[in-house]
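Position 407 of the sequence shown, counted from 1, bears residue number 407 in UniProt numbering, the numbering being contiguous throughout. What follows is a single structure, written as structure tokens, with notes after it.
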Amino acid sequence: MIDLIASTLRNPIVAGLGTATVLGGIAYQLRQIPAMIGGALLRSLTVELTVSNMDPTFAWIDRWLSAQPYARKTHKVTLRSPADNNSIMSPGQSDSMPAYFLAPGVGPHWFIWRRRILFINREEGDKPGGNKSNMRPIEKIHFRTFGRSQAILRSLVAEAHDITMQSSLVSLRIWNGYWNTIRGRTPRRIDTLTLKAGQMDRILADLAWFMESREWYESRGIPYRRGYLFSGPPGTGKTSIVLALAGHVRRPVCVLNLGSVDDDDALFSAITEAPSNAIVLIEDIDCAQATKIRAVEKDPKEPEKESQGVTKAGLLNALDGITTPDGRIFIMTTNFAEHLDAALIRPGRADVHERFEKLEAREQVVMASRFYGDCGFAALPEPVSPAAMQAAFMVHPDDWQAARSDLVAKEAA
Numbered sequence: 001m002i003d004l005i006a007s008t009l010r011n012p013i014v015a016g017l018g019t020a021t022v023l024g025g026i027a028y029q030l031r032q033i034p035a036m037i038g039g040a041l042l043r044s045l046t047v048e049l050t051v052s053n054m055d056p057t058f059a060w061i062d063r064w065l066s067a068q069p070y071a072r073k074t075h076k077v078t079l080r081s082p083a084d085n086n087s088i089m090s091p092g093q094s095d096s097m098p099a100y101f102l103a104p105g106v107g108p109h110w111f112i113w114r115r116r117i118l119f120i121n122r123e124e125g126d127k128p129g130g131n132k133s134n135m136r137p138i139e140k141i142h143f144r145t146f147g148r149s150q151a152i153l154r155s156l157v158a159e160a161h162d163i164t165m166q167s168s169l170v171s172l173r174i175w176n177g178y179w180n181t182i183r184g185r186t187p188r189r190i191d192t193l194t195l196k197a198g199q200m201d202r203i204l205a206d207l208a209w210f211m212e213s214r215e216w217y218e219s220r221g222i223p224y225r226r227g228y229l230f231s232g233p234p235g236t237g238k239t240s241i242v243l244a245l246a247g248h249v250r251r252p253v254c255v256l257n258l259g260s261v262d263d264d265d266a267l268f269s270a271i272t273e274a275p276s277n278a279i280v281l282i283e284d285i286d287c288a289q290a291t292k293i294r295a296v297e298k299d300p301k302e303p304e305k306e307s308q309g310v311t312k313a314g315l316l317n318a319l320d321g322i323t324t325p326d327g328r329i330f331i332m333t334t335n336f337a338e339h340l341d342a343a344l345i346r347p348g349r350a351d352v353h354e355r356f357e358k359l360e361a362r363e364q365v366v367m368a369s370r371f372y373g374d375c376g377f378a379a380l381p382e383p384v385s386p387a388a389m390q391a392a393f394m395v396h397p398d399d400w401q402a403a404r405s406d407l408v409a410k411e412a413a
């Protein structure tokens, strides 16, 4: 056997192939040296910033790029919606908001900004979970500039943030396997809502305290998140106040319909992938089977049914589990708080309970004055929902008496 191996190695053809293989490997490694040296020099002489569309800051950078003069000159652009991940617009600005904007497209770009050359490469990858997934493809923007200080890149991010905060709508996002941004809405002013005396001040004070109390939570070992339960009859403003609060504290709203979430894993993804500064709104939570009060005990002999949708355990863990991200603000709305399982509305999941009622006489007069001024509106004897009053006022914008007559007729029906 040894003689066979020795004779094989002495074969000139085998020896030649072996030599060629070794030389080829050496040549390949030698060809990598310039690239390795070049890469090392590039890393030592430049600073780089990478932004992914999996992070809400991607929208800031996209808007910033579209605002640069280069975006109007480049021959390769991408079409974008102005709605973004965490946006706000002051009232009146939405009418002047463009329906779209153009940003530099996929591929390399460069331009001069603040007397520095910025090299930009925009790349698009595969979808998370494969091409059959309904999630968006991963997209990244790389910035590189000469120097060793991060100052220029930090200035870029700060300017992008300022542009976004000054010129955008309150962002609304819905879950569809990923957080899909829909057209934003102009935030409703807090002072246009009519609530019970002191109720709005109480909610704003609690929200402001939470947003300023991260250190307080952490020093006491308490998970830094806040849950609100807004309950009350239909039309009492539960959803309207969420949008007003989002505008007031400059946060996006992620609307989560539990009926559209496939299972507990999908719910976990929705909660963890929401922007870190988002208000997560779960509307009509009483309609979800997982949230209802436990009825009669199940017959142990009854066969287990295949689980569909979100389970109660999955929902409870999503709201207050070990993997729930810090900084979350959850707001749940319901028409029937008494139908909810006690475990769902305990402190830690629903720290603040606020009930919204129909408007009594004082609140009716206050709301009418916002539409008609000091008109001497005569309050109805029975409580009326804000939605009903607003509907009547919109039908008769210049005649409060006709609006009141409509309200009386509808309440009597």
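A virtual CB, placed ideally from N, CA and C, is assigned to each residue, including glycine.
Asked: Assigned secondary structure, residue 397 (DSSP; H/G/I helix, E/B strand, else coil); Found: coil
Asked: Residue nearest to residue 341 in terms of C-alpha spacing, selected from 381, 229 and 372; Found: 229
Asked: Expected contact under 8 Å - CB spacing of residue 190 and residue 141 to nearest Å; Found: Contact doesn't hold; Cβ gap of about 36 Å is too wide.
Asked: Distance between residue 246 and residue 89 (C-alpha atoms, nearest Å); Found: Confidence at residue 89 is low in this model, with a pLDDT of 39, below 50, so the placement of that residue should be treated as unreliable; the coordinate-derived value is given next. Approximately 11 Å, taken between the alpha carbons.
Asked: Proximity of residue 350 and residue 365 at Cβ, strictly below 8 Å; Found: no
Asked: Cα-Cα separation, residue 421 to residue 404; Found: The shown model of the chain, from 1 to 413, leaves out residue 421, and the question about it has no answer.
Asked: Nearest-angstrom Cα separation, counted from residue 244 out to residue 381; Found: 29 Å
Asked: Status (buried if at least 16 other CB within 10 Å, exposed otherwise) for residue 44; Found: exposed
Asked: Three-state class that DSSP yields for residue 386 in the structure shown; Found: helix
Asked: Buried or exposed by the 16-neighbour rule on C-beta atoms within 10 Å, applied to residue 238; Found: buried
Asked: DSSP three-state assignment for residue 254, whether helix, strand or coil; Found: strand
Asked: Close beta carbons around residue 304, own chain, < 7 Å, minus the five adjacent residues each side; Found: Because the pLDDT at residue 304 is just 48, under 50, the model does not fix this residue reliably, and the value given afterwards should be weighed accordingly. So no residue of the chain qualifies.
Asked: In DSSP terms, what residue 228 is bridged to; Found: 331 and 352
Asked: At least 3 beta-carbon pairs within less than 8 Å: the stretch 261-268 vs the stretch 352-368; Found: no
Asked: Beta carbon of residue 174 nearer than 8 Å to that of residue 242; Found: no
Asked: Given residue 145 as reference, the closest of 212, 46, 400 and 52 once Cα atoms are compared; Found: 46
Asked: Euclidean distance between Cα positions of residue 267 and residue 178; Found: 11 Å
Asked: CB contact flag (residue 171, residue 181, <8 Å); Found: yes
Asked: Contacting residues, own chain, Cβ-Cβ under 6 Å from residue 217 (five flanking each side not counted); Found: 224
Asked: First through last residue of the alpha helix (DSSP H) which encompasses residue 120; Found: Premise fails: residue 120 lies in the beta strand (DSSP E), 116-124, not in any alpha helix (DSSP H).
Asked: Rounded Cβ spacing between residue 336 and residue 236 (contact assumed at less than 8 Å); Found: With a Cβ gap of about 13 Å, residue 336 and residue 236 do not count as contacting.
Asked: When 205, 147, 203 and 193 are compared against residue 368, the one with the closest alpha-carbon; Found: 193
Asked: Opening and closing residue of the alpha helix (DSSP H) in which residue 203 lies; Found: 199-211
Asked: Sequence-distant residues of its chain with Cβ nearer than 6 Å to residue 108 (five each side left out); Found: 121
Asked: Helix, strand or coil at residue 236 according to DSSP, with G and I counted as helix; Found: coil
Asked: Coarse secondary structure for residue 140, derived from DSSP in three states; Found: strand
Asked: Rounded C-alpha distance that separates residue 207 from residue 72; Found: 42 Å
Asked: Residue 80 versus residue 320 - alpha carbon distance; Found: 35 Å
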